[in-house]
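These notes are about the structure you will find just below.
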Amino acid sequence: MWPPPKPKPKRIIAIASSNFSNLKEPARTLHIALLARAATIFRVEQIIIYKESNTPCTPIKTVLEALEAPQYLRKYLVPKSRHLRYIGAAPPLRSPSHLLRDEHSPYREGYILRRTGDKAIVDIGLEKPVQAKVPPGLGPRVTLTQIQGHWQYIDREQIPVYWGYTVTCQQSLKQTLQNHTTQKTLIIATSRKGTPINTLAAQLKTKIATAETLLVLFGTHNKGIQEIATQENINPQHYIHYTVNTAPLQGTKTIRTEEAVLTTMAILNLLDQSLSN
73 MWPPPKPKPK
83 RIIAIASSNF
93 SNLKEPARTL
103 HIALLARAAT
113 IFRVEQIIIY
123 KESNTPCTPI
133 KTVLEALEAP
143 QYLRKYLVPK
153 SRHLRYIGAA
163 PPLRSPSHLL
173 RDEHSPYREG
183 YILRRTGDKA
193 IVDIGLEKPV
203 QAKVPPGLGP
213 RVTLTQIQGH
223 WQYIDREQIP
233 VYWGYTVTCQ
243 QSLKQTLQNH
253 TTQKTLIIAT
263 SRKGTPINTL
273 AAQLKTKIAT
283 AETLLVLFGT
293 HNKGIQEIAT
303 QENINPQHYI
313 HYTVNTAPLQ
323 GTKTIRTEEA
333 VLTTMAILNL
343 LDQSLSN
């Protein structure tokens, strides 16, 4: 089915800012790109980067956002930066929002070229820019929908199909957990010391089916969520519902974050009962 529907529950992953800091370019950009593709394949709608070991989140955020931008918008949105020297070598995401010029869709990402009041001229990747109705104060990047031949702004949350991810930074793992402590949010941590996920499959199916948001936490290749929580002097079990091992009997000594995201989200995707609806 293409384009795929927006996932229910909403899928969010949280990764540590210190990920990839041990890599040099161009390997670093490539590994972040693999993370971006893993998230996109399994329809993750938000990637949270929580600060760890005093490492800023900006380097990862910059690459993730550049990859998320459709190719035709990169000339506006992707600045010249040392963090983006190798972005052209990264595999493209080809998510539903990454449309080619001749591809039809009722939705398109755009960049406002000029505007007067609520009327704007927007580059949406077609042969020519289009005129669209856009509320004042928005932009320069906007999402448009075409209704009866006219383009107008739409909140991407209202789009019924999966439309890619957004990226946010949090000051700590603690802040990330506190911001998502609601009855309708299911929080899952990944760990090699966690419960093998196959023994929890039935429980997780039920919990995922009733949740509005699914938040999945990842550590680093050499530091788990429990260790990071200890650094921050918090008890993660006050927030986390399940700590799971999604690669029991792993054949490598360590698993990189982008590999953990791919493995974990593949399994959780299969446990999502909405797939059978």
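Quick note: the sequence shown uses our numbering, first residue 73, plus one each step.
Every residue, glycine too, gets a C-beta built ideally from N, C-alpha and C.
Taking all protein chains shown into account, decide if residue i is buried (16 or more other Cβ within 10 angstroms of its Cβ) or exposed.
{"i": "glutamate 330", "result": "buried"}
{"i": "lysine 96", "result": "exposed"}
{"i": "serine 153", "result": "exposed"}
{"i": "glycine 197", "result": "buried"}
{"i": "methionine 73", "result": "exposed"}
{"i": "threonine 112", "result": "buried"}
{"i": "proline 77", "result": "exposed"}
{"i": "aspartate 344", "result": "buried"}
{"i": "aspartate 227", "result": "exposed"}
{"i": "threonine 302", "result": "exposed"}
{"i": "histidine 310", "result": "exposed"}
{"i": "leucine 136", "result": "buried"}
{"i": "arginine 180", "result": "buried"}
{"i": "threonine 336", "result": "buried"}
{"i": "phenylalanine 229", "result": "The question names phenylalanine, but residue 229 is glutamate in the sequence shown. By the neighbour-count rule (16 or more Cβ atoms within 10 Å), glutamate 229 is not buried but exposed."}
{"i": "alanine 192", "result": "buried"}
Quick one: what's residue i bridged to in DSSP?
{"i": "alanine 192", "result": "Arg187 and Ala204"}
{"i": "lysine 82", "result": "Thr285"}
{"i": "glutamate 181", "result": "Thr215"}
{"i": "leucine 258", "result": "Leu286"}
{"i": "histidine 222", "result": "Ile219"}
{"i": "valine 233", "result": "Pro77"}
{"i": "alanine 88", "result": "Tyr122"}
{"i": "valine 239", "result": "Ile119"}
{"i": "threonine 127", "result": "Glu124"}
Since residue i and residue j should fall inside the 8 Å C-beta cutoff, what is the C-beta to C-beta distance between them, to a whole number of angstroms?
{"i": "isoleucine 260", "j": "valine 333", "result": "12 Å between Cβ atoms; not a contact."}
{"i": "valine 206", "j": "tyrosine 225", "result": "5 Å"}
{"i": "threonine 285", "j": "proline 79", "result": "Wrong, their Cβ atoms sit about 10 Å apart, outside the cutoff."}
{"i": "leucine 289", "j": "threonine 262", "result": "7 Å"}
{"i": "glutamine 118", "j": "isoleucine 84", "result": "4 Å"}
{"i": "isoleucine 339", "j": "histidine 293", "result": "Actually they are not in contact, since the Cβ atoms of isoleucine 339 and histidine 293 sit about 19 Å apart, beyond 8 Å."}
{"i": "isoleucine 184", "j": "glycine 209", "result": "Going by Cβ atoms, the distance from isoleucine 184 to glycine 209 rounds to 11 Å, so no, they are not a contact pair."}
{"i": "lysine 256", "j": "alanine 283", "result": "6 Å"}
{"i": "leucine 171", "j": "proline 142", "result": "7 Å"}
Pairing CB atoms from the region 142–149 with CB atoms from the region 262–269, are three or more of them under 8 Å?
Under the Cβ criterion (8 Å, minimum of three pairs), the region 142–149 does not count as touching the region 262–269.
Could you tell me whether the region 272–291 touches the region 207–218, using the rule of 3 or more Cβ pairs below 8 Å?
They do not touch, by the three-pair rule.
Check whether the region 239–248 and the region 117–132 are in contact - that is, three or more C-beta pairs closer than 8 Å.
The region 239–248 makes contact with the region 117–132: 3 or more CB pairs, one atom from each, lie closer than 8 Å.
Tell me whether the region 232–239 and the region 306–320 touch, counting them as touching only if at least three CB pairs, one residue from each stretch, are closer than 8 Å.
Taking 8 Å as the limit for Cβ pairs, the verdict is that the region 306–320 does not touch the region 232–239.
Output the residue ranges of the alpha helix (DSSP H) runs that lie fully inside the region 264–327 and measure 4 residues or longer, sorted by chain position.
Runs found: 273–282 and 297–303.
Is it true that the region 130–139 meets the region 92–111, where meeting means three or more beta-carbon pairs spaced less than 8 Å apart?
Using a C-beta cut-off of 8 Å, the region 130–139 makes contact with the region 92–111, since at least three inter-stretch Cβ pairs fall below that distance.
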